[in-house]
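In this note's numbering, the protein residues as written are 81 to 392.
See structure below.
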RNA sequence: GGCCAGGUAGCUCAGUCGGUAGAGCGUUCGCCUGAAAAGUGAAAGGUCACCAGUUCGAUCCUGGUCCUGGCCA
């Protein structure tokens, strides 16, 4: 029996993944093949972060089930390893029901970790917080020197100023005795994966980002952040760093003006899009398609032959 | 119209006691294993407003021109 395929729908922010995912789900349903969306976006997991993340609304979802959205509080910290487990479980569950999971999102590391053979060595909050305290005290260069003595190879791969990665390397060495920081090969750990990237010309994308940020403010992003601040947004290490949210927090604290907050949000989102593009472009398996009206039928035809029920 | 301040990288500005210039942000290109919308490295980019003078040499000094902002009329 042919396994139910997994469709990964990637692309930078504002490339139109949300709309395409829903359209593809409908198109597959028309062929008698049910499909549901599994989120692969690191910020959509937070309850209440709606406007600034451009989270698909109920209306935009058009009745297609969306999974792994709104599963955490803003005061909690998401992590790749945890999300990997949740997403893999959800994908398996969909396939067991004969439903095509559409893994849609722009968090490339998440997608990579879910689809490929990507194992995380574990973590220990006590070790971690101790190392972080040390980092704050002695600075990254001193810790990098210690890492160099413990594991020269690992140290060579991490620049002396990158405190966060040095801390994690030291943590892993302490827990497991060694640190392997090689990213895995582009080899799917899941079978029957079809990976599509949505392509949008750079200038169109930039213009769209600018409009989107304007709309966020008009739709009440500031009020949303004020509400989330009361629910512990500032305590969340991950959520408080989200583009737009970080800037509005700074605005509310009087550190920057509203105009600066908007401008920095546009810049930050643009930079994010370029980073995402960089990740996805490096993945040789992605089939790139222009993000226009023809995208949906082309994606369906990419899936044709792999899904029982979609004839040729 | 008068007075003052200023015209240096795409933007905001620093600087050169005269020896053709830097920062932050932006841009481009990378790196990435439990924070990834995070973290981090590098590169490109400037006839220093214009014209003339002084000087071996001017972005810097002098004179003029144009432009911008502020104050006074």
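Glycine included, every Cβ here is placed at the ideal spot set by N, Cα and C.
Worksheet item: So, using beta-carbon positions, are residue 358 and residue 113 closer together than 8 angstroms?
Response: no
Discussion item. Between the region 306-325 and the region 258-267, can you find at least three pairs of beta-carbon atoms closer than 8 angstroms?
Written reply: no
Item to complete: Compute the beta-carbon to beta-carbon distance between residue 280 and residue 379, rounded to the nearest angstrom, for a pair I have assumed lies under 8 angstroms.
Response: The pair is not a contact, with the Cβ atoms about 15 angstroms apart (cut-off 8 angstroms).
Worksheet item: Can you pull the DSSP bridge partners for residue 368?
Response: 277
Worksheet entry | Exposed unless 16 or more other CB atoms sit within 10 angstroms - verdict on residue 304 | buried
Worksheet item: For residue 204, which option in 251, 319, 363, 137 has the closest C-alpha, if you only look at C-alpha atoms?
Response: 251
Item to complete: Could you name the residues of the same chain whose beta carbon sits closer than 7 angstroms to that of residue 121, not counting the 5 residues immediately before and after it, in chain order?
Response: 185, 186, 187
Worksheet item: If we count Cβ pairs, one from each stretch, closer than 8 angstroms, do we get three or more for the region 345-352 versus the region 285-296?
Response: yes
Discussion item. I'd like to confirm the pairing. Which residues does DSSP put opposite residue 242 in its beta bridges?
Written reply: Beta-bridge pairing links residue 242 to no other residue.
Fill in: Endpoints, beta strand (DSSP E) assigned at residue 377
Looking at the DSSP string, residue 377 is not in any beta strand (DSSP E); the run it does join, the alpha helix (DSSP H), is 375-383.
Worksheet entry | Residues near residue 145 in its chain [Cβ-Cβ closer than 6 angstroms; skip 5 each side] | 116
Item to complete: Could you tell me the distance, in whole angstroms, from the CA atom of residue 87 to the CA atom of residue 183?
Response: 6 angstroms
Worksheet item: Three-state secondary structure (DSSP) at residue 286?
Response: helix
Practice prompt. Keeping to the same chain, check which residues put their C-beta closer than 7 angstroms to that of residue 221; ignore five residues upstream and five downstream.
Written response: 240
Discussion item. Using C-beta distances below 6 angstroms, list every residue in its chain close to residue 83, excluding the 5 sequence neighbours before and after it, in chain order.
Written reply: 271, 272
Discussion item. In this structure, how does DSSP classify residue 139 when only helix, strand and coil are distinguished?
Written reply: helix
Practice prompt. With distances taken Cα to Cα, identify the nearest neighbour of residue 258 among 282, 383, 227, 208.
Written response: 227
Discussion item. By DSSP's criteria, residue 182 is part of a beta bridge. Which residues make up the other side?
Written reply: 87, 117
Worksheet item: If you draw a straight line from the C-alpha of residue 366 to the C-alpha of residue 333, how long is it?
Response: 42 angstroms
Worksheet item: What residues are listed by DSSP as bridge partners for residue 126?
Response: 152
Worksheet item: Whose C-alpha, out of 382, 384, 386, 377, is nearest the C-alpha of residue 107?
Response: 377
Worksheet item: Beta-carbon separation of residue 194 and residue 172 under 8 angstroms?
Response: no
Worksheet item: What do you get for residue 67, buried or exposed, if any count of 16 or more other CB atoms within 10 angstroms of its CB means buried?
Response: There is no way to answer for residue 67, as the model of the chain reaches only from 81 to 392.
Worksheet item: Ordered along the chain, which non-local residues of its own chain (more than five positions away) have a Cβ less than 6 angstroms from that of residue 198?
Response: 264
Item to complete: Entirely within the region 209-274 and at least 3 residues each: give me those beta strand (DSSP E) ranges in chain order.
Response: none
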